[in-house]
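Just so you know, the protein sequences line up as chains Y and H, in that order.
Numbering-wise (our numbering), the first sequence opens with residue 563 and increments by one.
Numbering-wise (our numbering), the second sequence opens with residue 563 and increments by one.
By construction, the Cβ of each residue, glycine as well, lies at the ideal position given by its N, Cα and C atoms.
Number of protein chains: 2
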Amino acid sequence: MEYKIKSRIWIEADNHVLLGEGRVRLLRTINETGSLTKAAKRLEMSYKKAWTLIDAVNKSAKKPVVITSIGGQGGGGAKVTEHGLKLIQVFEEINKNCWNHLDEQLDKIKTL
Amino acid sequence: MEYKIKSRIWIEADNHVLLGEGRVRLLRTINETGSLTKAAKRLEMSYKKAWTLIDAVNKSAKKPVVITSIGGQGGGGAKVTEHGLKLIQVFEEINKNCWNHLDEQLDKIKTL
DNA sequence: GTCCGTTATATCTTTGCAAATATAGCGGTA
DNA sequence: TACCGCTATATTTGCAAAGATATAACGGAC
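Here is the structure:
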């Protein structure tokens, strides 16, 4: 019998969700594509969903995480700020540590 | 700005969910009440939901976690096995450790 | 001033999941 | 054998979250 311990973590700021796995994945894809539309397509979600998520992130964070621009060459775009990049990095570090920490406790279950 | 890191952990056995927070809470209440019906009422969930959860737990575990009986004095009942009690204990220990581990990493975010 | 690809937002539709409802069967007691 | 409270299971209903669709506005390039 193969056991696994899985987890989902998220960060809240003032009792509002700031970052979770889905939001971080979206932020990384925006950073790679420079566009909300392209990121949504690549992740196979609707533009609306992507926009709603990013809007929530920006409203929960103390500094902007994504800066958007409308019009201009290319029609506009989205850019992840320095603060946003740091948030992504810290989230993934904490998440990885959490996984490792849980894996270390696996044999407590295996030996039952 | 007040930051929190929250988490949800669950245990899988052979790629099926065995235990999560909700199931553990239900198991504890069954252990206290001796009945699925009473536990469901106390937790304000439908009997069906409780039964479905317990059925899934029993099917995923290598040993029975809850033994039920139909008929007899009192109409029947449900009892958490020794194996079940150990599972609960281990789950809550791991969960608590996870929370502590995450709390230790909070200032990585606060200082951003 | 027209064209383009994007952000931004409203509205309608779908659909998947939760809740509610109904019913059967069990076994000890008296 | 009638009763009781529980387990077990099917069926229907309701609803909120997700998805699809439509449209407006923006601003640089040409």
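Alpha-carbon spacing of residue i relative to residue j, whole angstroms
| i | j | result |
| --- | --- | --- |
| H/Ser-622 | H/Leu-589 | 15 Å |
| H/Ile-650 | Y/Ile-592 | 41 Å |
| H/Lys-670 | H/Ile-567 | 11 Å |
| Y/Leu-615 | Y/Asn-662 | 28 Å |
| Y/Glu-574 | Y/Leu-605 | 24 Å |
Limits of the unbroken alpha helix (DSSP H) element including residue i
| i | result |
| --- | --- |
| H/Ser-597 | Taken as a continuous stretch (DSSP letters only), H/Ser-597 belongs to no alpha helix (DSSP H), as it is neither H nor E. |
| H/Glu-574 | Element bounds for H/Glu-574: not the alpha helix (DSSP H) but the beta strand (DSSP E), 565-575. |
| Y/Val-652 | 644-665 |
| H/Ser-622 | 609-622 |
| H/Lys-672 | 669-672 |
Heavy atom of the ligand SAM within 7 Å of residue i beta-carbon
| i | result |
| --- | --- |
| H/Ile-632 | This structure lacks the ligand SAM; in fact it carries no ligand of any kind. |
Option nearest residue i by Cα separation, candidates the options
| i | options | result |
| --- | --- | --- |
| H/Asp-617 | H/Leu-598, H/Lys-603 and H/Leu-668 | H/Leu-598 |
| H/Gly-639 | H/Ala-602, H/Met-563, H/Asp-665 and H/Glu-666 | H/Ala-602 |
| H/Lys-658 | Y/Asn-657, Y/Leu-647, Y/Leu-664 and Y/Ile-656 | Y/Leu-664 |
| H/Leu-647 | H/Val-619, H/Arg-570 and H/Met-563 | H/Val-619 |
| Y/Arg-587 | Y/Tyr-565, Y/Lys-641 and Y/Glu-654 | Y/Glu-654 |
| Y/Lys-672 | H/Lys-625, H/Lys-641 and H/Leu-674 | H/Lys-625 |
| H/Gln-667 | Y/Glu-666, Y/Val-652, Y/His-645 and Y/Gly-584 | Y/Val-652 |
Those residues which DSSP pairs with residue i across a bridge
| i | result |
| --- | --- |
| Y/Ile-632 | Y/Gly-638 |
First and last residue of the uninterrupted beta strand (DSSP E) at residue i
| i | result |
| --- | --- |
| H/Leu-581 | 578-581 |
*At least 3 beta-carbon pairs within less than 8 Å: the stretch 599-616 of chain Y vs the stretch 575-589 of chain H*: no
*Are the stretch 633-644 of chain H and the stretch 627-638 of chain Y touching, with three or more C-beta to C-beta distances below 8 Å?*
no
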